[in-house]
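Peer 1: 8 is the number of the first residue of the sequence shown in our numbering; add one for each residue after it.
I'd like to ask some things about the structure below.
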Amino acid sequence: ALTLFAESRTTLRMFLDDCRLARNEVIARQPLTSAQLMLLNVQYQQIVRPIQRAYAEKRTRVNPASFLLADERELRQFWETARLKDRQAGGDKHEISEGIEPPRKRPPRTPEEREQLISGALWGGVGVMAADRDA
Numbered sequence: 008a009l010t011l012f013a014e015s016r017t018t019l020r021m022f023l024d025d026c027r028l029a030r031n032e033v034i035a036r037q038p039l040t041s042a043q044l045m046l047l048n049v050q051y052q053q054i055v056r057p058i059q060r061a062y063a064e065k066r067t068r069v070n071p072a073s074f075l076l077a078d079e080r081e082l083r084q085f086w087e088t089a090r091l092k093d094r095q096a097g098g099d100k101h102e103i104s105e106g107i108e109p110p111r112k113r114p115p116r117t118p119e120e121r122e123q124l125i126s127g128a129l130w131g132g133v134g135v136m137a138a139d140r141d142a
């Protein structure tokens with residue numbers, strides 16, 4: 008169970024942020040300390056145990072143990088791809104957010120923008136109907 012904090016969600020967010028920081032060090036080719044490795048192992052067990060139990064009980068099709076099955080070549084390729092993506096994205100500077108909502112691609116529309124969009128769509132519909140009637 009995720010029991011570091013009173014709320015499991017907060018514990019998971021903190022664990023994932025620790026994992027993110029360790030990932031950033033690996034991408035930068037910095038070795039992880041034995042304390043970091045031990046922490047990652049404990050956190051992994053805390054996160055995966057409930058999912059593995061759900062898999063064993065057929066409540067999910069995701070088998071976390073299958074993610075650990077990789078040979079040296081696959082692992083090397085994974086980190087090279089991660090390094091490339093990190094360079095392309097300009098690095099990872101953001102903490103894990105409190106919400107699980109995906110980031111917005113654009114800001115929400117103002118009421119005026121919504122009204123203008125609806126009005127334009129309605130006038131477009133009127134134009135199509137008028138053109139259809141004249142045809």
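All C-beta atoms in this analysis are idealised placements derived from N, C-alpha and C, irrespective of residue type, glycine included.
Here the structure is a predicted model, which means the values were calculated and not measured.
Let's see if you can read the secondary structure: which residues bound the alpha helix (DSSP H) around Ser15?
Peer 2: From DSSP, the alpha helix (DSSP H) with Ser15 extends over 15-34.
Peer 1: How big is the Cα-Cα spacing for Asp139 and Ser126?
Peer 2: So the alpha carbons of these two residues sit roughly 20 Å apart.
Peer 1: When the distance is taken between beta carbons, is Pro71 closer than 8 Å to Ile58?
Peer 2: Yes, Cβ-Cβ distance for Ile58 and Pro71 is below 8 Å.
Peer 1: Run the CB neighbour count on Gln50, radius 10 Å, all protein chains shown included, and call it buried at 16 or more, exposed below.
Peer 2: By the neighbour-count rule (16 or more Cβ atoms within 10 Å), Gln50 is buried.
Peer 1: What's the C-alpha gap between Gly90 and Ile34?
Peer 2: Per the sequence presented here, residue 90 reads as Arg, with Gly not at that position. Answer to the nearest angstrom: the Cα atoms are 5 Å apart.
Peer 1: Report, in whole angstroms, the separation of the C-beta atoms of Thr18 and Leu11, which I expect to be a contact under 8 Å.
Peer 2: Thr18 to Leu11, Cβ: 4 Å. Contact.
Peer 1: Mind checking whether Asn31 and Asp78 have CB atoms under 8 Å apart?
Peer 2: No, Cβ-Cβ distance for Asn31 and Asp78 is not below 8 Å.
Peer 1: Tell me which residues share the same chain as Asp24 and place their Cβ nearer than 6 Å to its Cβ, disregarding the 5 neighbours each side in the sequence.
Peer 2: Excluding residues within five positions, the ones whose Cβ falls inside 6 Å are Glu102, Ile103.
Peer 1: Do Phe85 and Ile54 have their C-beta atoms within less than 8 Å of each other?
Peer 2: The answer is no: Cβ separation not under 8 Å.
Peer 1: Can you tell me whether Arg20 is buried or exposed, with buried defined as 16 or more other CB within 10 angstroms of its CB?
Peer 2: Burial call: buried.
Peer 1: Output the boundary residues of the alpha helix (DSSP H) element that contains Arg113.
Peer 2: Taken as a continuous stretch (DSSP letters only), Arg113 belongs to no alpha helix (DSSP H), as it is neither H nor E.
Peer 1: Could you tell me the alpha carbon to alpha carbon distance between Val133 and Pro114, rounded to whole angstroms?
Peer 2: Whole-angstrom Cα-Cα distance: 29 Å.
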